[in-house]
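Chains as they are written, first to last, in our numbering: chain A, 9 to 438; chain B, 9 to 438.
There are 2 protein chains.
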Amino acid sequence: MPLRLDSAQVDFEQLFAGLLGAKRESSKDVNDAVAAIIADVRARGDVAVAELTNRFDRTSLTPDTLAFGAEEIARAAAEVPDHVRAALQTAHDRIRVHHEKQKPEDHVYTDALGVTLGARWTAVDAVGIYVPGGLASYPSSVLMNAVPARVAGVGRIAMVVPTPDGAINPTVLAAAQIAGITEIYRIGGAQAVAALAYGTASIPRVDKITGPGNAFVATAKRQVFGQVGIDMIAGPSEVLVIADSSANPSWVAADLIAQAEHGAGAQSILVTTDARLADAVEREVDRQLSLLPKQQLARDGWEELGAIIIVASLDEAAGLANRIASEHVEIATDAPEELVPKIRHAGAIFLGHHTPEAIGDYVGGSNHVLPTARSARFASGLGVLDFMKRTSLLGCTPSALSALAEPAVTIAGVEDLDGHGRSISIRLNR
Amino acid sequence: MPLRLDSAQVDFEQLFAGLLGAKRESSKDVNDAVAAIIADVRARGDVAVAELTNRFDRTSLTPDTLAFGAEEIARAAAEVPDHVRAALQTAHDRIRVHHEKQKPEDHVYTDALGVTLGARWTAVDAVGIYVPGGLASYPSSVLMNAVPARVAGVGRIAMVVPTPDGAINPTVLAAAQIAGITEIYRIGGAQAVAALAYGTASIPRVDKITGPGNAFVATAKRQVFGQVGIDMIAGPSEVLVIADSSANPSWVAADLIAQAEHGAGAQSILVTTDARLADAVEREVDRQLSLLPKQQLARDGWEELGAIIIVASLDEAAGLANRIASEHVEIATDAPEELVPKIRHAGAIFLGHHTPEAIGDYVGGSNHVLPTARSARFASGLGVLDFMKRTSLLGCTPSALSALAEPAVTIAGVEDLDGHGRSISIRLNR
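Printed below as a string of structure tokens:
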């Protein structure tokens, strides 16, 4: 049974706080193991990467076979049926068009004193994209990471995707092909992150690593942060559906199930002003789960981590949404745009009855890499800006420097940095 | 003696690679100690924060005296001379005006299919600013962290600044006052980061932590990343001066010294097309160092980590600049704007002979929190965007959903996520 709360009940605050604090990730202490793997890859390079991959993925790679060959990629991609390739192409094209609109513009201006100030945006040179192997090997994730990088102007994209027991996912390679990725390595885990961050003889280092992974991958990304840039540390996926009496209980139920079927800590929460809708959704989830081919994962997820919360108003729902700061928020009302300004913390908001979250996972055009585990309080979904950086520009005329010298030298003085002050004053004594 | 290289020498690549790879940070293994401190603060809250602070900073705080009182702040700030306060106010105002221009705009549009897509920017609710105590306790850093947060619309800013041996830096409190910060705690180290990230009875948790610190602070930030957002992991400061024969050797020398006086691994590099300028700068550094009141730190830094590199052309200088990816790049030529487009990796670029880097540290208006240790390859300086996050919006009409259903359901199928596909198809069978 999912948790069921009413915001009017006396112990609501306590139970809601429990829901917020629920531990959803297995936080095994993998720090030391990962540190050892990174050190090994730094010391022994390709040989360590091959050995570690063979051990963890039961493969038989050598330094010479870490990379996929061009023909191998083409052959695997060719196995993908035409309608799947067409669907991936549609997704690719829509993601590309939307992300083109995220490209920042340089802005340089000169102020009244004669100081030139500005920002210049440039692309990261080389990016590594981590794609999980096995169960969670998603071609859509390849597109969601690669397309913003391409749009940003990243020159080199290196993809790593482990092949447990040698199994290759042809759809993932087809997605890479559509995204224009030609450099692909059949490696994963902390050793792949280490190889991307520090480079080996056969894998040149990158400047930034993005993409989701298991606890080893997340810990490795945390450890190499600084040596390279990383995106967020991804946690289990989650959806919050806000619904009033206008919502269709079958549709809401389907969306809750779609999230729960990710398993591994994925969480579905319904917040509604309508207790009858809550009842109907709960029944519908049960009914629809029984129709799902692989229902156990979704059922376990829903029963363990699912929640239904009755509230007095949509405003109250928005207040809870801000405290939950969910990765995905669906607004299943007739006038979703009225609630949007009240929701400050959310990775993505899905508007109205006809926008299931899953459409955003694939072909909506927006990015499906979004902040999880309440990190929407401070983080954004993946986008073009994640693959660019801003260089600030500053230029003084002699008169601007004269005008600013006194306060600058004063502050340098109180900071006990005389050399700073002198680098300014020396220019005034000409 | 600083390192002196000529790009024409046969072993240049090897020596330049050595310069790039020079280890400038003491990477003590503080991971375990920091993890223990964080666990202690999570378990015992204010009591742990007070105990740890008393131990490391030789103070005698209790949970009741962690926070500065309003009168205490006012009293300390009143000690600051008027001309210093005026200088800080000038810096504050110029930083504010420039950062106002960084505020992003929301963008929502509907495409030809009838899909609404967009981005909404909102401020982070609560930010913690770490200000180091002791030697590197800089009022300018208070402004550089607080002003962008204020401009972003952050509602609550909590500042922590340790007071080793009970010593308070009044200028730091004056800067906080000018920036409108009223919540200030006299704590530091990993325990301050833990308190900000997880909250205690007297210190409510924040959503993001910014600001520089020692190895314990940097490690703590790395460990709490995910629970809260963090800015970059700051390393030693660095400057790269690109100069041709038009440069004034005294001014270039002063700028190299200004960087070196930070000590603690700070690095100054001159790249020039003019060997005679190189000689003159080297002599000038020596001469000016002898005039500096506290010359030893700067002299040690320059002799240990300084470098002068002779190149054949400014284009070659730009190429090296991109490999060094320096925090600060000065272009000491008559036409700096011609070189700017060729420099892709730099935290900030300072244009021309009359823009010493130090002007940007204080009153230029741009931010002085910039990516160090080659991280300009993937990171930007601190700005308003660091205190905001983007929520994406997606909305489908019934016809847009119908048009997109087939490719979405197809990809859900190959990803083995039937519930995803059903959440779309169930909306088509009305």
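Where is the CB? At the ideal position from N, CA and C, for every residue including glycine.
When beta bridges are read from the DSSP output, B:D14 appears opposite B:I318. C-alpha of A:P344 to C-alpha of A:H336: approximately 14 angstroms in a straight line. CA-CA distance, B:R307 to B:I316, rounds to 15 angstroms. Under the three-state reduction of DSSP output, A:K229 falls in the helix class.
Assignment of B:K350 by DSSP, reduced to helix, strand and coil, places it in the helix class. Beta-bridge analysis with DSSP links A:F358 to A:E338, B:L402. Flagged as an interface residue toward chain B: A:A381, by a C-beta distance shorter than 9 angstroms. For A:I241, the closest C-alpha among the options A:L378, A:V214, A:A283 is that of A:L378. A:Y117 is classed as exposed because its beta carbon has fewer than 16 other beta carbons within 10 Å across all chains shown. As computed with DSSP, A:Y146 is found in no beta bridge at all. When A:G389, A:H115, A:Q303 are compared, the shortest CA-CA separation from A:A333 is found for A:G389. Taking the Cα positions, A:S321 is about 11 angstroms away from A:S253. According to DSSP, A:T124 shares a beta bridge with A:T118, A:G403. Classified as buried, B:D426 has 16 or more neighbouring CB atoms from the shown chains inside 10 Å of its CB. Using a CB distance cut-off of 9 angstroms, A:V348 counts as an interface residue toward chain B. Fewer than three pairs of CB atoms, one per stretch, sit closer than 8 angstroms, so the stretch 324 to 332 of chain B makes no contact with the stretch 290 to 304 of chain B. Using a C-beta cut-off of 8 angstroms, the stretch 404 to 411 of chain A makes contact with the stretch 354 to 362 of chain B, since at least three inter-stretch Cβ pairs fall below that distance.
Between B:I192 and B:V169 a beta carbon distance of about 7 angstroms is seen, short of the 8 angstroms cut, so the two are scored as contacting. Remark: C-beta atoms of B:G219 and B:L264 do not approach each other more closely than 9 angstroms.
A direct Cα-Cα distance of roughly 15 angstroms separates A:S400 from B:E108.
Using a Cβ-Cβ cut-off of 7 angstroms, B:V371 is close to L412, P415, A416 of chain A, given in chain order. Rounded to the nearest whole angstrom, the CA to CA distance from B:R12 to B:G309 is 15 angstroms. Shown here for A:M9: same chain residues with a beta carbon closer than 8 angstroms to its own, the five before and five after excluded, namely E311 in chain order. Nearest neighbour of B:S210 by Cα position, chosen from B:I434, B:A30, B:I238, B:L74, turns out to be B:L74. By the Cβ criterion, the stretch 171 to 190 of chain B is in contact with the stretch 147 to 158 of chain B, since at least three pairs of Cβ atoms, one from each stretch, lie closer than 8 angstroms. Residues of chain B with a Cβ closer than 7 angstroms to the Cβ of A:T405 are, in chain order, H362. Cα atoms of A:A413 and B:P89: separation of roughly 18 angstroms, rounded to the nearest angstrom. In the DSSP assignment, B:V55 falls within the unbroken alpha helix (DSSP H) covering 54 to 65. Within chain A, G427, R430, S431 have C-beta atoms less than 8 angstroms from the C-beta of B:I265, given in sequence order. Note on geometry: alpha-carbon atoms of B:G197 and B:R430 lie some 51 angstroms from one another. Judged by DSSP in its simplified three-state form, A:L409 adopts helix. Look at A:F358: its C-beta is under 9 angstroms from a C-beta on chain B.
Spatial neighbours of A:A226 in its own chain (CB-CB distance under 6 angstroms, excluding positions within 5 residues in sequence) are listed in chain order as I241. Where A:E312 is concerned, the enclosing alpha helix (DSSP H) starts and stops at 303 to 313. Here B:H353 has N330, A333, A384, R385 as same chain residues with Cβ atoms under 7 angstroms from its own Cβ, once five neighbours each way along the sequence are excluded. Secondary structure note for A:Q296: its alpha helix (DSSP H) is the uninterrupted segment 283 to 297.
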